[in-house]
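Numbering (my numbering), first residue to last: 26 to 178. One structure below.
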Amino acid sequence: MSNGPHAKLAELGLELPEVVPPVASYVPAVQSGQHVYVSGQLPMAEGKLLATGKVGAGISAEQAKDLAQRCGLNALAAVDSLVGLENVVKVVKVTGFVASAPGFTGQPAVINGASDLFGTVFGEAGRHARSAVGVAELPLDAPVEVELIVEVA
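Structure (structure tokens):
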């Protein structure tokens, strides 16, 4: 079996979803030079949020990690639709936002859902710089949101 990103996704039992349509005035991803900047992706599937609420109050950290993986999958779909995953040279930066209940400090572990996905799909090229930020609210009451910057060939 091929070692390409689509094959790695298949090995994980995952397939790229349709690109999530923007919920406001922006595009899912843009290319500037050798980089693709992916807009913040919510944990959407088939046009619906998979969960709403705050992590640490109604949404467990483990559930949020799974939701972050879905955000990452949606980000990969946006990259694929624009330039093709096979053209990704390096995952450069991941920024994850976690709608956090007061006192919740496990944001890094939550965003590992996306980071681990990128590492598995791209191997060494999936290792990246990252921020994991706790916030009071996210669009549509989403528990997590993930942005992505990749370098492309």
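Idealized CB from N, CA, C, for every residue including glycine. Predicted, not measured: the structure shown is a model, and the values here were computed from it.
Enumerate, from N- to C-terminal direction, the unbroken alpha helix (DSSP H) stretches of 4 or more residues contained entirely within the region 59 to 113.
Counting whole runs of 4 or more residues, the region 59 to 113 contains the alpha helix (DSSP H) stretches 86 to 107.
On the CB-based measure, 16 or more other CB atoms within 10 Å of its CB, does Q88 come out buried or exposed?
Residue mapping note: residue 88 aligns to position 63 of the sequence shown, counting from 1. Answer is buried; the Cβ neighbour count reaches 16.
Using DSSP bridges, identify the partner residues of L173.
Translated into the one-based positions of the sequence shown, residue 173 becomes position 148. Partner(s): V63, V119.
Given that a residue counts as buried once 16 or more other Cβ atoms are within 10 Å of its Cβ, and exposed if not, what is S57?
Taking the first residue of the sequence shown as position 1, residue 57 is located at position 32. So S57 ends up on the exposed side.
By the 10 Å Cβ neighbour count, where 16 or more other Cβ atoms means buried, how is M26 classified, buried or exposed?
Translated into the one-based positions of the sequence shown, residue 26 becomes position 1. Any reading at M26 must be qualified, since the residue scores a pLDDT of 44, below 50, and its modelled position is unreliable; the value itself is stated next. Under this definition M26 is an exposed residue.
Can you list, in chain order, the residues of its chain with a C-beta nearer than 7 Å to that of G159? Leave out the 5 residues immediately preceding and following it.
By 1-based counting over the sequence shown, the position of residue 159 is 134. Around G159: V123, S125, F129, Q132.
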